[in-house]
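Worksheet: the structure to be examined is printed underneath.
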Amino acid sequence: MLVQLAGIFAIVCYLLACGLLGFALAKKRPPSKIWILSLGSLALPAHGYHVLEQVYSSHGIDLGFFNILSLVGWITACIHIGVNSYRPLIVGVLFAYPTAALGLLSSILFHAPYQALTNLPRGAEGHIILSIFAYSVLFMAGLHALLLVIQNKSLKHRSKSRTILTIMPPLQTMESVLFDFIAVGFGLLSLAIASGFMSLDNMFAQHVVHKTILTLLAWTIFGTLLLGHYVYGWRGQRAIRFTLAGFLVLIFGFYGTKVVLELVLQKV
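In terms of the numbering used here, the sequence shown has 267 at position 193, counting the first letter as 1, and numbering is strictly consecutive.
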C-alpha cells in the first residue's frame, strides 16, 4: 500500500508542476521555476522508491515493459531537474514530467508477463544499468530535438506562435544542450555495448538479435553525428534529423523488442 501511495503522490506532483507551467503559458506569464522544479524534486524520491520496490522483487530483478517505462521516466525527470541547475531549460517540463507520470502510472496499473532475472553473469547487472541510462539520455536527446523542431517553426512563424518561445532559451543554447545529451548518451551506450559483449554469452541470440543490431545502428548514427559536429561543424536541421533517426532506431530496438516479446508473443 505504501508503495502505491508513493507512486500516486509522485504522479500528483508531476501533474501539478505541468499544470503550473500550462497555466502560466495560458496567461502569458513567466512560469514559477522554483515551484515547478520543487514539485518535481518532491516527486523524485517517491517515484524512485516505487521503482526500487517494483524492480527489485523477492523473485529477482523485474525489468518488465511497464517497470522499464517507469524507470526511464524517473531517469528522464532526474536529468531534467539536473540540467535546470545550470541551464534555463524549464521548457523540458513539457515532456519530462508527463513521460515520468505516464511511465509511473503504467507500472501501477499494468504488469507485463516477465520472468524476473536471477543469477546474472558477472557484469551483466552493470550492462543492464548502463543500457537503461544510455537509452534514457538519448531518449531525452530525441525529445529535445523535437523541441528544436517546434522552436525553429515558431521562429519562422513568430506571429502565429509566440507563447512557447517565451520559456525557451536561445537556439544556440538549445543546440548546445542537445549535443550535451548526445555526447553523454553516446558514451554510456558505448560502455553498455562493450560491457554486453564482455558479460553476456551471446549478444546475437535469436531473441535479442534485433535489439543488438538496432542498438549498434543507433550507436553508429549518433557517433557519426558527433564526429560531423566536432570535425565539420554539423548543426541545425542536419543535427535534428540525425538525432531523430537515432532516437527512432532506439525506440524500435528497445521498446519495440520488449513489446513484441512480452506483450505480443509473451516470450519472457
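From the three backbone atoms N, C-alpha and C, an ideal C-beta is built for every residue, glycine too.
Distance between residue j and residue i (C-alpha atoms, nearest Å)
i	j	result
Gly301	Tyr209	According to the sequence as given, residue 301 is Leu; it is not Gly. Approximately 20 Å between the Cα atoms of the pair.
Ala175	Tyr123	14 Å
Arg161	Ser132	40 Å
Thr240	Pro104	8 Å
Arg312	His231	21 Å
Thr317	Gly310	11 Å
Gln78	His185	14 Å
Ile135	Leu229	47 Å
Gly297	Met75	45 Å
Gly307	Phe328	30 Å
Leu220	Gln128	31 Å
Ile224	Leu299	21 Å
Leu89	Ser205	28 Å
Ile85	Ser106	19 Å
Phe83	Glu199	29 Å
Leu288	Ser264	14 Å
Among the options, nearest to residue i - alpha-carbon criterion
i	options	result
Ser143	Tyr130, Ser181, Phe169	For the sequence presented, residue 143 should be read as Leu rather than Ser. Of the candidates Tyr130, Ser181, Phe169, the one whose C-alpha sits nearest the C-alpha of Leu143 is Ser181.
Ile153	Thr286, Tyr306, Ala266, Val258	Val258
Gly156	Leu299, Gly261, Arg315, Val251	Val251
Gly93	His303, Thr286, Leu168, Phe328	Leu168
Lys101	Trp109, Ile238, Leu90	Ile238
Leu290	Leu99, Ala268, His303	Ala268
Phe326	Val305, Val283, Tyr306, Trp308	Val283
Leu324	Ile256, Tyr306, Gly307, Val305	Ile256
Ala80	Ser106, Leu204, Lys107, Leu179	Leu179
Ile203	Leu220, Val223, Tyr130, Leu163	Tyr130
Leu217	Ala198, Leu163, Ser264, Lys107	Leu163
Lys285	Lys107, Glu127, Leu322	Leu322
Leu383	Trp109, Ala84, Ile85	The structure shown does not extend to residue 383, since the chain is modelled only from 75 to 342, so the question has no answer here.
C-beta atoms of residue i and residue j nearer than 8 Å
i	j	result
Leu245	Gly320	no
Val165	Met242	yes
His303	Phe253	yes
Leu262	Phe207	yes
Ile314	Leu222	yes
CB-CB length for residue i against residue j, believed under 8 Å
i	j	result
Ala120	Thr150	Between Thr150 and Ala120 the Cβ distance is about 16 Å, and since that is not below 8 Å, they are no contact.
His201	Ala292	So it is not a contact: roughly 16 Å between Cβ atoms.
Gly147	Thr173	5 Å
Leu113	Ala98	Not confirmed; about 13 Å, so no contact.
Cys87	Leu116	5 Å
Status (buried if at least 16 other CB within 10 Å, exposed otherwise) for residue i
i	result
Met214	buried
Met248	buried
Asn158	buried
Val125	buried
Lys227	exposed
Asn141	buried
Gly270	buried
Gly177	buried
Leu183	exposed
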